[in-house]
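For what it's worth, the working numbering labels the leading residue of the sequence shown as 589, then goes sequentially.
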Amino acid sequence: MTRSSTPRPRTTTRAAVCTAAALAAALTACSAPGESSDDTKASSGPIKVAVVNAQSGQLSSLGDWEYKGAKLAVDEWNKKGGIDGRKIQLKLFDDQGDPTTGTNLARRLVSEKYVAMIGTAESAVTIAMGPVLQQAKIPNITSGQSDGLVALKSPYLFLNGPTSTTYDSTLAQHLVKDKGYKKIAMITNNGSFGKGEHDAFLKAVKGLGVNPSTDQVVTTDQKEFSAALTKIRAKKPDVIFIGSEEVEAGLIVKQARDLGITAPFAGAAPQGTPVFIDTAGKAAAEGTIVSSPYLSNDVSDASKKFAAAYETAYGKEAELHGAKAYDGANILLTALKTSNGAVGAELADAIRDTRYKGLLGDFQFDETGVGITKTTIGVIRDGKLVAQPQQ
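Following this line, the structure appears as structure tokens:
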């Protein structure tokens, strides 16, 4: 299999350098941090897994979907006996969508001896947590998509979805080649997610010979967008690329329609969510073009089964983020099973070695930690994300 060019830490015993008289203490005293026998495998007691995601604030919907998806997977495993008879203990932590809070939570996961983390959905928070988790050798399966996650080059960070490069190159190809759009406007925010979307889409459309007619950048806490939208309206674009999370993107689209802008919007995963559609309004969101690895709950027998189980458990309809977390949790638990409950570097290697057929596709992690590299094009029709009809 492909291995990272970045050296991957391996768990090794160093007892050979210790004296026989000190053998009882060798595994601790003569081991580097994260290399004691307890750090390699724990043979009894529950397996502690953390879910870290926003449960409050503007991004709380993401955190709710993610937790529900991960919990569904964990509950299924626990009903079947867990990992070799050991139950998986899943605990939810609220990062509030804040990098500083996330960093503090990362330190807490270390002190409370969690073996792995699922989350976050917010790239900026995951990036902030990354160095702490890497130093502690805690594998992290995240659903963030910013290329900044890959730039961390952490052997303990794994993406359970595509990066912005994949989302936006697929989208740009569709807009320019399939739809024939020439006048493309852009509006993105200045956060980690928005910047990643901005840079990936700009590179993709320029590579196809199109220069955006206008490129507007807003802030992550902005609520009123008339100045930027008025500039976009003046350019009379064929389509407007939007790089912003669900709530902000919905506000932008709603205000654009109020200003008389009729051009369709196009974007990545956030624009396919119920929160985006509800915030923008069903009529305003109609026709939005979406690049996503998970267009609906009806694409396969596996997705139908997942959606039915999700609705039974929570009384709500499943969507992309729940599916991503469900896949991510199953990948982690599969790796724990195949590694006999390993932790640290050995668990990270087991995740990297896992081949998993998931709801989003066939997972195989590359040297950058990305597990899946494909999206397809959908469109919002009558308040739902559906597959784009073939042209």
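Idealized CB from N, CA, C, for every residue including glycine.
None of these values were measured; they are calculated from a predicted model.
Review point. Does the Cβ of S731 have 16 or more other Cβ atoms within 10 Å, making it buried, or fewer, making it exposed?
Key: As a first step, residue 731 is located in the sequence shown; it is residue number 143 there, counting from the start. Flag for S731 reads buried.
Review point. Secondary structure at Q843, three-state DSSP: helix, strand or coil?
Key: Along the sequence shown, one-based indexing puts residue 843 at 255. In the structure shown, Q843 falls within a helical segment according to DSSP collapsed to helix, strand and coil.
Practice item. Assuming G957 and L747 form a contact by the criterion Cβ under 8 Å, report the distance between their Cβ atoms to the nearest whole angstrom. Key: Taking the sequence shown and counting its residues from 1, one reaches residue 957 at position 369. Taking the sequence shown and counting its residues from 1, one reaches residue 747 at position 159. Distance from G957 to L747 at the Cβ level is roughly 6 Å; contact confirmed, criterion being Cβ atoms closer than 8 Å.
Check your understanding: Tell me which same chain residues have a C-beta within less than 7 Å of the C-beta of L721, skipping the five on either side of it?
Key -> Along the sequence shown, read from residue 1 onward, the residue named residue 721 stands at position 133. Closer than 7 Å at the Cβ level, and outside the excluded window around L721, lie A694, M705, N728 and Y744.
Check your understanding: Which residues in the same chain have their Cβ closer than 6 Å to the Cβ of T876, if we skip the five residues on either side of it in sequence?
Key -> Walking along the sequence shown from the start, residue 876 turns up at place 288. In the same chain as T876, and ignoring 5 residues on each side of it, the C-beta atoms closer than 6 Å to its own belong to F853, Q859 and I968, in chain order.
Check your understanding: Do L847 and T807 have their C-beta atoms within less than 8 Å of each other?
Key -> Position 259 of the sequence shown, counted from the start, is the residue given in the question as residue 847. Position 219 of the sequence shown, counted from the start, is the residue given in the question as residue 807. Not a contact, by the Cβ cut-off of 8 Å.
Exercise for review: With distances taken Cα to Cα, identify the nearest neighbour of S757 among G779, H786, K771 and S780.
Suggested key: Translated into the one-based positions of the sequence shown, residue 757 becomes position 169. Comparing Cα positions, the closest option is H786.
Review point. Taking S734 as the reference, which of G784, E700 and A658 has the closest Cα?
Key: Residue 734 sits at position 146 when you count from the first residue of the sequence shown. Of the listed residues, the one whose Cα sits closest to S734 is G784.
Check your understanding: Where do the ends of the alpha helix (DSSP H) carrying D756 lie?
Key -> On the sequence shown, position 168 is the one that residue 756 refers to. Here the alpha helix (DSSP H) through D756 covers S752 to Q761.
Review point. If you draw a straight line from the alpha carbon of G690 to that of K892, how long is it in whole angstroms?
Key: Within the sequence shown, numbered from 1, the residue matching residue 690 stands at position 102. Within the sequence shown, numbered from 1, the residue matching residue 892 stands at position 304. CA-CA distance, G690 to K892, rounds to 34 Å.
**Study point:** DSSP beta-bridge partners of R696
**Key:** To locate residue 696, count along the sequence shown from 1; it is residue 108. Beta-bridge pairing links R696 to no other residue.
Review point. What is the C-beta distance between F781 and E700, in whole angstroms, given that I count them as a contact (C-beta under 8 Å)?
Key: Numbered from its first residue, the sequence shown carries residue 781 at position 193. Numbered from its first residue, the sequence shown carries residue 700 at position 112. That pair is no contact at about 28 Å.
Check your understanding: Can you tell which of K765, G949 and L973 has the C-alpha that lies nearest to the C-alpha of E874?
Key -> Taking the sequence shown and counting its residues from 1, the one referred to as residue 874 is at position 286. It is L973 whose Cα lies nearest to the Cα of E874.
Check your understanding: Nearest CA to the CA of Q843: which residue from F813, K823 and T861?
Key -> Working through the sequence shown from its first residue, we reach residue 843 at position 255. Nearest option by C-alpha distance: F813.
Check your understanding: Straight-line CA distance for A610 to S880?
Key -> Taking the sequence shown and counting its residues from 1, one reaches residue 610 at position 22. Taking the sequence shown and counting its residues from 1, one reaches residue 880 at position 292. With a pLDDT of 36 at A610, under the threshold of 50, the modelled position of that residue is not reliable, and no figure is offered here.
Review point. To the nearest angstrom, how far is it from the Cα of T754 to the Cα of Q684?
Key: Looking up residue 754 in the sequence shown gives position 166. Looking up residue 684 in the sequence shown gives position 96. Cα to Cα, T754 sits roughly 27 Å from Q684.
Check your understanding: Span of the alpha helix (DSSP H) holding V793?
Key -> For the purposes of this step, residue 793 is taken as the residue at position 205 of the sequence shown. Going by DSSP, V793 is part of the alpha helix (DSSP H) stretching over S780 to G795.
Point to revise | 8 Å CB neighbourhood of Q677 in its chain, flanking five on each side removed | key: If you number the sequence shown from 1, residue 677 lands on position 89. Only P634, I635, K636 and V637 meet the Cβ criterion.
**Study point:** E710 and A642 closer than 8 Å at C-beta
**Key:** As a position in the sequence shown, residue 710 is number 122, starting the count at 1. As a position in the sequence shown, residue 642 is number 54, starting the count at 1. Judged by beta-carbon spacing, A642 lies within the 8 Å limit of E710, meaning their Cβ atoms are closer than that value.
Practice item. Using a threshold of 8 Å, state whether the C-beta atoms of Y944 and A911 are closer than that. Key: Taking the first residue of the sequence shown as position 1, residue 944 is located at position 356. Taking the first residue of the sequence shown as position 1, residue 911 is located at position 323. A distance of 8 Å or more separates the beta carbons of Y944 and A911.
Review point. Which class does A739 belong to by DSSP, given the choice of helix, strand or coil?
Key: In the sequence shown, the residue the question calls residue 739 occupies position 151. A739: helix per DSSP, three-state reduction.
Review point. With distances taken between CB atoms, is the gap from K811 to L790 smaller than 8 Å?
Key: Here the question's residue 811 lines up with position 223 in the sequence shown. Here the question's residue 790 lines up with position 202 in the sequence shown. No; because the gap between Cβ atoms is not below 8 Å, this pair is not in contact.
Check your understanding: I think V793 touches G707, with their Cβ atoms under 8 Å apart; what is that distance to the nearest whole Å?
Key -> Working through the sequence shown from its first residue, we reach residue 793 at position 205. Working through the sequence shown from its first residue, we reach residue 707 at position 119. Between G707 and V793 the Cβ distance is about 31 Å, and since that is not below 8 Å, they are no contact.
Check your understanding: Can you tell me whether DSSP reads S891 as helix, strand or coil?
Key -> Here residue 891 is taken as the residue at index 303 of the sequence shown, counted from 1. Three-state DSSP puts S891 in a helix.
**Study point:** Residues near G749 by beta carbon distance below 7 Å, same chain, minus five either side
**Key:** One-based indexing of the sequence shown puts residue 749 at position 161. Only S731, Q733, P881, K912, L948 and I960 meet the Cβ criterion.
**Study point:** Helix, strand or coil at Q733 [DSSP, three-state]
**Key:** The residue you call residue 733 lines up with position 145 of the sequence shown. Reduced to three states, the DSSP call for Q733 is coil.
Check your understanding: Buried or exposed: which applies to L796, given that a residue is buried once 16 or more other Cβ atoms fall within 10 Å of its Cβ?
Key -> One-based indexing of the sequence shown puts residue 796 at position 208. L796 comes out exposed.
Exercise for review: Inspect the beta-carbon positions of Q646 and V841 and report whether they are closer than 8 Å.
Suggested key: In the sequence shown, the residue the question calls residue 646 occupies position 58. In the sequence shown, the residue the question calls residue 841 occupies position 253. Going by C-beta atoms, Q646 is not nearer than 8 Å to V841.
Check your understanding: Where V738 and T850 are concerned, what is the direct C-alpha to C-alpha distance, given to the nearest angstrom?
Key -> Reading the sequence shown from its first residue, position 150 is the one you call residue 738. Reading the sequence shown from its first residue, position 262 is the one you call residue 850. Between V738 and T850, the alpha-carbon positions lie close to 36 Å from each other.
Check your understanding: Can you name the start and end residues of the beta strand (DSSP E) that Y944 belongs to?
Key -> Your numbering for residue 944 matches position 356 in the sequence shown. It spans R943 to K945 - the beta strand (DSSP E) in which Y944 sits, taken as one unbroken run.
Check your understanding: Cα separation between N885 and R696?
Key -> Your numbering for residue 885 matches position 297 in the sequence shown. Your numbering for residue 696 matches position 108 in the sequence shown. Computed Cα separation, rounded: 36 Å.
Exercise for review: Would you please state the rounded distance, in angstroms, between the beta carbons of A773 and P800? I believe it to be under 8 Å.
Suggested key: If you number the sequence shown from 1, residue 773 lands on position 185. If you number the sequence shown from 1, residue 800 lands on position 212. Between P800 and A773 the Cβ distance is about 6 Å, and since that is below 8 Å, they are a contact.
Exercise for review: Could you tell me the boundaries of the beta strand (DSSP E) in which K701 lies?
Suggested key: As a working mapping, residue 701 is identified with position 113 in the sequence shown. Careful: K701 lies outside any beta strand (DSSP E) and carries neither H nor E.
Check your understanding: Which word fits E905, buried or exposed, when buried means at least 16 other C-beta atoms lie within 10 angstroms of its C-beta?
Key -> The residue labelled residue 905 in the question sits at position 317 within the sequence shown. In summary, E905 is exposed, with fewer than 16 beta-carbon neighbours lying within 10 Å of its beta-carbon over all protein chains present.
Practice item. With a floor of 3 residues, list each beta strand (DSSP E) that falls wholly inside the region 952-979, ordered by position along the chain. Key: List check, beta strand (DSSP E) in window: 964-969 and 972-975.
Check your understanding: Measuring CA to CA, which of S632, A923 and G779 is closest to A936?
Key -> One-based indexing of the sequence shown puts residue 936 at position 348. Selected option, being the one with the closest Cα: A923.
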